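Working notes, beginning with the structure itself.
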Amino acid sequence: MAVFTRPRQAFAIAGVLGLALSATACGTGDDKKSDNAGSAECAAYDKYEGHDGKKVSIYASIRDAEADLLERSWSQFTDCTGIEIDYEGNAEFEAQLPVRVDGGNAPDLAFVPQPGLVKRFADAGKLKSLGADTKTMAEQNLPADWLKYGTVNGTLYGVPLGANVKSFVWYSPKLFKEKGWAVPTSWDDMIKLSDTIAASGVKPWCAGIESGDATGWPATDWIEDVLLRTQTPEVYDQWTTHAIPFNDPRIVDAVNRAGTILKNEKYMNGGFGGVKSIGTTAFGEAGLPVTTGKCAMHRQASFYANQFPEGTKVAEDGDAFAFYFPAIDPAKGKPVLGAGEFVVAYADRPEVQAVQTYLASSEYVNSRAKLGNWVTANNKLDIANVASPIDKLSVQILQDKSGVFRFDGSDLMPAAVGAGTFWKGMVEWINGKDTAPVLQGIESSWK
Amino acid sequence: MEFDFAEEQPKFLMLMYGLIAFVAVVGGLLLLLDVVPAWFARRREAQLVAASVSGTPLPRRRKQGEGLFALFFLLPTLLLLMVGLVVPAIRTTLLSFMDAGSNNWVGLRNYDWMFSDSSIVRVLINTLVWVVLVPLVATAFGLIYAVLVDKARFEAVAKSLIFLPMAISFVGASIIWKFVYAYRGDGDQIGLLNQIVVSLGGEPKQWLLESPLNTLLLIVIMIWIQAGFAMVVLSAAIKAIPGDIVEAARLDGVSPWQMFWRITMPSIRPALIVVAVTLTIATLKVFDIVRTSTNGNYDTSVIASEMYNQAFRYGQNGQGSALAVFLFVLVIPVVIYQIRNLRQQREG
Numbered sequence: 023m024a025v026f027t028r029p030r031q032a033f034a035i036a037g038v039l040g041l042a043l044s045a046t047a048c049g050t051g052d053d054k055k056s057d058n059a060g061s062a063e064c065a066a067y068d069k070y071e072g073h074d075g076k077k078v079s080i081y082a083s084i085r086d087a088e089a090d091l092l093e094r095s096w097s098q099f100t101d102c103t104g105i106e107i108d109y110e111g112n113a114e115f116e117a118q119l120p121v122r123v124d125g126g127n128a129p130d131l132a133f134v135p136q137p138g139l140v141k142r143f144a145d146a147g148k149l150k151s152l153g154a155d156t157k158t159m160a161e162q163n164l165p166a167d168w169l170k171y172g173t174v175n176g177t178l179y180g181v182p183l184g185a186n187v188k189s190f191v192w193y194s195p196k197l198f199k200e201k202g203w204a205v206p207t208s209w210d211d212m213i214k215l216s217d218t219i220a221a222s223g224v225k226p227w228c229a230g231i232e233s234g235d236a237t238g239w240p241a242t243d244w245i246e247d248v249l250l251r252t253q254t255p256e257v258y259d260q261w262t263t264h265a266i267p268f269n270d271p272r273i274v275d276a277v278n279r280a281g282t283i284l285k286n287e288k289y290m291n292g293g294f295g296g297v298k299s300i301g302t303t304a305f306g307e308a309g310l311p312v313t314t315g316k317c318a319m320h321r322q323a324s325f326y327a328n329q330f331p332e333g334t335k336v337a338e339d340g341d342a343f344a345f346y347f348p349a350i351d352p353a354k355g356k357p358v359l360g361a362g363e364f365v366v367a368y369a370d371r372p373e374v375q376a377v378q379t380y381l382a383s384s385e386y387v388n389s390r391a392k393l394g395n396w397v398t399a400n401n402k403l404d405i406a407n408v409a410s411p412i413d414k415l416s417v418q419i420l421q422d423k424s425g426v427f428r429f430d431g432s433d434l435m436p437a438a439v440g441a442g443t444f445w446k447g448m449v450e451w452i453n454g455k456d457t458a459p460v461l462q463g464i465e466s467s468w469k
Numbered sequence: 006m007e008f009d010f011a012e013e014q015p016k017f018l019m020l021m022y023g024l025i026a027f028v029a030v031v032g033g034l035l036l037l038l039d040v041v042p043a044w045f046a047r048r049r050e051a052q053l054v055a056a057s058v059s060g061t062p063l064p065r066r067r068k069q070g071e072g073l074f075a076l077f078f079l080l081p082t083l084l085l086l087m088v089g090l091v092v093p094a095i096r097t098t099l100l101s102f103m104d105a106g107s108n109n110w111v112g113l114r115n116y117d118w119m120f121s122d123s124s125i126v127r128v129l130i131n132t133l134v135w136v137v138l139v140p141l142v143a144t145a146f147g148l149i150y151a152v153l154v155d156k157a158r159f160e161a162v163a164k165s166l167i168f169l170p171m172a173i174s175f176v177g178a179s180i181i182w183k184f185v186y187a188y189r190g191d192g193d194q195i196g197l198l199n200q201i202v203v204s205l206g207g208e209p210k211q212w213l214l215e216s217p218l219n220t221l222l223l224i225v226i227m228i229w230i231q232a233g234f235a236m237v238v239l240s241a242a243i244k245a246i247p248g249d250i251v252e253a254a255r256l257d258g259v260s261p262w263q264m265f266w267r268i269t270m271p272s273i274r275p276a277l278i279v280v281a282v283t284l285t286i287a288t289l290k291v292f293d294i295v296r297t298s299t300n301g302n303y304d305t306s307v308i309a310s311e312m313y314n315q316a317f318r319y320g321q322n323g324q325g326s327a328l329a330v331f332l333f334v335l336v337i338p339v340v341i342y343q344i345r346n347l348r349q350q351r352e353g
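Protein chains in written order, with the working numbering: chain A, 23 to 469; chain C, 6 to 353.
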C-alpha cells in the first residue's frame, strides 16, 4: 500500500501484527500433566484426583512470609492433583473482598477471619454452601462450636482453617526470675503483681492498639477477655448477637475493669509514655519492651510470638513467653478467647470443592503446621508437628474439649459495629473518653 | 537472591501480552490518526484536481463529514465518561436512598443519619474547616511568597524549594509529617516538633491525639504540599503583568503597598480564582492525608475518608453513598463559579 511509506507507519503495522499474534498466542495454554500422580506420597490425594490442569483462585489477607508458607503448605497437593492454586494476599482484604464480589470478580475461595463478614456474604446470596464431601470432612475434623461460627441460618458456609488463642499475657521469664516475680494465676494476683512491679519503678504493662485501618482491635480483645471472665459465656453470646444492649451494665462493668489496667497511669505504658500513648503505639511494637525489661506484661494473642526480633528465645525459660490471662472467678473455669479464619467458596466447581475439602483435611493441617507458626482448631492436627512451645500450648487449649472457648466478639458482630464503631470507640476510650458515652455511642450505631 | 526465570514464566508471559496489547492499541490508534486524515486529504486533493480540470467551481466544503469525523473521536470519550462517571454517579445517588445492603428503599434515612449522628456532624465540621483554611492559607502563602521572591536574587532556587513538596505524594507527605509529630514518652524524642518543644523546656505532647489541634496539624500537611502550586501559578501571573502598566504606575509614584493592591492584585485576579477553586476542590476530596495520619480517629475524619469507611469497611453502602452524594453536591457550586468566571473572562 502506498500509504505506508513513513517510519511511524511501521509502528502501526507492528501494532496490527501484534494484535494478530496475541490472538493466536492465547490458544497455547500450558496444561502440564502432573508427573508425580500415582507415586506413593500422592496416595493420600487420590480422592482429589480428576481435576488436572484446573485452576482455583484463593484470596486472603495473609501476605509476605506467611503467604510463602501457605503456598508451600499445599505444594504437594497441587503437584499430585495437578490443580493449580492461584493465591493472592491483600492488606486491605476486608475492604476489597466486597468490592471484588459485588463487581462480579469474586475469587473461588477466600479466607475470611470474620464470621460477621461470612454472614454478610451469605445473606446477600453470594456464597456457595459446602459440598457434601467438604461438609463431611469438616464435621469429622472440627469442633462443633467452630463450625457454628461458619454457619449462617443453618447452612454451613465456612470451613475453619487457622486459629489463634488470644487469652495470653506475654512476659519475660528471665526478668521475672531475676526479680523474683511469680506468674499470677488469678486476677487478684495479677493486680497485686502489677502494684509490686509499679512500686519497683518499672511500668508493669504495655499495650498498643494502632494497626492502620484496624486501629483499636487489640483493645476490643481486652474487653472480650475480661467480659468472659466477669460474666458467663451465655452473656457473652447475648452481647455479640445484640440480645442485650452494648451498654448493658454488665458490659460497662467489664470495660471499667479492663480500664483499671489499661487506663491506669501507674501501670501504663511501659516504654512508650502515658495511657494515651496506647492509641498511637503500633500493636506489633507494643509488646517488644517485654524483652528489654521496660515493661513486664503484655496481653496479646498467640501469634504475637512472630513479632519478637530474630534471636529472641520464646520459651518457658527464655526471653519471652506467655501465661494464661488469669480467671477472675476460678469457679467459673478457664474461658479462652480466640479467633481464626474460615474458608468460604464463591464458586462450586468440583475442583474448588476439592481444594476446600483438602483444606479441612488432616493432610493439609499437618502439612501447614510442620512449616511453623501456625495453629488450628482442626482436631486432626498432630501436636508433634507443632514446634513452638506457645503454639503447642495453644493447640492443647483449642483441643481441650472441657474448656470454654469463645470467638472474638468484634469479629462476630456486623462490620459496622465490630470493625467500625467498636474499634473507634475503644480508641476514644483510651484517649480519655468515659466508658458510658463510648458504649452508648456504639449501641446507637448497631441497627 | 535467587531468581528462577522458568518459574516466573507466567508473569513474563503476562508482561508480554501487556506489551503486545499496548502496541496493538496505540499502534492501531496511530494508524487511524494517520490513515483517516490522509484519506480525507487525498479526497480533497482529488476534488481539487477534478475541479481545476473541468473548470467548475469547487464544491462547498461540507460541514457534515467533519461533524461525523469529530463525533468519531468524541465517541470513545463520551462512552468512557458514561461508563466511568455518569452511570456510577446515578447509581451512587440511587444507592444513597437504600439500606446498608442496597436491598430496600429507605428514603432520606441515610441523609437524616448524616446530619443527626454526632460523629458524622463532626466529620462535616472538619471538612468545612479544611475547605476554609487550606485554599485561604495556601493561596495567601503562595501569593506572598511569589511577590517577595519576584525578581529577587536566587529566585529560581527559592521557588523550587517551596515547589518541591508538590513532587511528593499525599501519602508520602503524611508519613513524613507523622515523623515530625511523632512522640516518645521517655527518652529521646524522634519527632522534630516534640524535640523543639523539649529543647525550649516544654513537655512533649501527643500532637495527633488532641482535637481540634490535630485537624489543624493535618491541614498544615496539605498547605505544605499545595502552597508550591499556588506560588508557581501566581508567580507566572505576576510575571505576565504587562511591563508598561508597571512602568506607568512607577512614574505616577506609587508606593509598594499601592502597587500590590492597585496593580498586582487586579491583574492576577483570574489566576487567584483558578488557584483558589482548584485548591477548594482538592481539599473537599482530601482522603490520603487523613487516612495515613490518623485514619479518621481522634475526631479528624473528613467526608471522603468517612465515605470510604462506611461503604467499604463497614458495609454500609447507603450511608457511604449518601456521604458521596453530599460531597458531590458540595463540589457543584465551586465548579459552577469557576465556569461562570471563565465565561466572563472570555467575554470581557
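Built from N, CA and C at the ideal position, the CB exists for glycine as well.
In this text, all values refer to a predicted model and were calculated from it rather than measured experimentally.
- If you look at ASN322 of chain C, you'll find it isn't in any beta strand (DSSP E); it sits in the alpha helix (DSSP H) that goes 322-352.
- Contact of PHE102 of chain C with chain A is not assigned, every C-beta pair being separated by 8 Å or more.
- By the Cβ criterion, the segment 373-393 of chain A is not in contact with the segment 216-229 of chain A, since fewer than three pairs of Cβ atoms, one from each stretch, lie closer than 8 Å.
- At least one C-beta of chain C is nearer than 8 Å to the C-beta of SER299 of chain A.
- Note: PRO357 of chain A is bridge-paired with A:VAL426 in the DSSP secondary-structure output.
- The beta carbon of VAL121 of chain A falls within 8 Å of a beta carbon belonging to chain C, placing the residue at that interface.
- DSSP places GLY281 of chain A inside the alpha helix (DSSP H), whose first and last residues are 271-284.
- Residues of the same chain with a CB within less than 7 Å of the CB of VAL307 of chain C, apart from the 5 flanking positions on each side, are VAL128, ASN131, THR132, TRP135, VAL291, VAL295 in chain order.
- Residues of chain A with a Cβ closer than 9 Å to the Cβ of PHE317 of chain C are, in chain order, GLU114, GLU116, ALA117, GLN118, PRO120, VAL121.
- Excluding the 5 residues flanking it on each side, ILE452 of chain A has same chain C-beta neighbours closer than 8 Å at ILE231, ALA241, LEU284, LYS285, VAL297, LYS298, ILE300, GLY301, in chain order.
- At a cut-off of 8 Å between beta carbons, GLN200 of chain C makes no contact with chain A.
- In summary, GLY176 of chain A is exposed, with fewer than 16 beta-carbon neighbours lying within 10 Å of its beta-carbon over all protein chains present.
- A contact between stretches requires three or more CB pairs, one per stretch, nearer than 8 Å, and the segment 102-111 of chain A meets this requirement with the segment 74-89 of chain A.
- Distance between ALA281 of chain C and GLY258 of chain C, taken at the CA atoms: about 31 Å.
- With respect to VAL174 of chain A, VAL134 of chain A sits apart: the two C-beta atoms are not nearer than 8 Å.
- Note on GLN263 of chain C: under 16 other CB atoms within 10 angstroms of its CB, so exposed under the neighbour-count rule.
- Proximity of chain A to TYR188 of chain C at the Cβ level (cut-off 8 Å) is accounted for by GLY295, SER299, THR302, in chain order.
- Approximately 18 Å separates the beta-carbon atoms of ASP339 of chain A and PRO206 of chain A; this is outside 8 Å, ruling out the contact.
- Annotation: the continuous beta strand (DSSP E) that includes ASN186 of chain A extends over 181-187.
- Residues ALA220 of the same chain have their beta carbon placed closer than 6 Å to that of LYS288 of chain A, with the five preceding and five following residues left out of the count.
- Each of C:GLN350, C:ASN314, C:GLN321 was checked against the Cα of GLU114 of chain A, and the nearest Cα belongs to C:ASN314.
- When C:GLY112, C:PHE159, C:ASP155, C:THR297 are compared, the shortest CA-CA separation from ALA242 of chain C is found for C:ASP155.
- One Cα belongs to PHE45 of chain C, the other to ASP39 of chain C, and the distance between them is close to 10 Å.
- Counting only the Cα atoms, ILE286 of chain C lies some 26 Å from LYS244 of chain C.
- Nearest CB-CB separation between ASN453 of chain A and chain C: below the 8 Å threshold.
- With 16 or more neighbouring CB atoms inside 10 Å of its own CB, PRO357 of chain A falls in the buried class.
- The DSSP-derived three-state label of ILE195 of chain C is coil.
- At least 8 Å separates the beta-carbon of ALA342 of chain A from that of PHE190 of chain A.
- In the three-state reduction of the DSSP assignment, PHE330 of chain A falls in the coil class, being assigned neither a helical nor a strand state.
- Contact check between the segment 309-327 of chain C and the segment 143-160 of chain C: fewer than three CB pairs, one atom from each, fall below 8 Å, which does not count as touching.
- Scanning C:ALA329, C:PHE317, C:LEU335 for the CA closest to the CA of GLY442 of chain A turns up C:PHE317.
- The criterion of a C-beta distance shorter than 8 Å is satisfied by TRP212 of chain C and LEU222 of chain C.
- In the structure shown, LYS199 of chain A adopts helical secondary structure according to DSSP, grouped into three states.
- Neighbours of ALA438 of chain A in chain C, taken as residues whose beta carbon is under 9 Å from its own, are ALA105, GLN315, ARG318, TYR319, GLY320, GLN321, GLN324 in chain order.
- In the structure shown, LYS244 of chain C falls within a helical segment according to DSSP collapsed to helix, strand and coil.
- Cβ-Cβ distances below 8 Å link SER174 of chain C to ASP293 in the same chain, with the five nearest sequence neighbours on each side left out; the list follows chain order.
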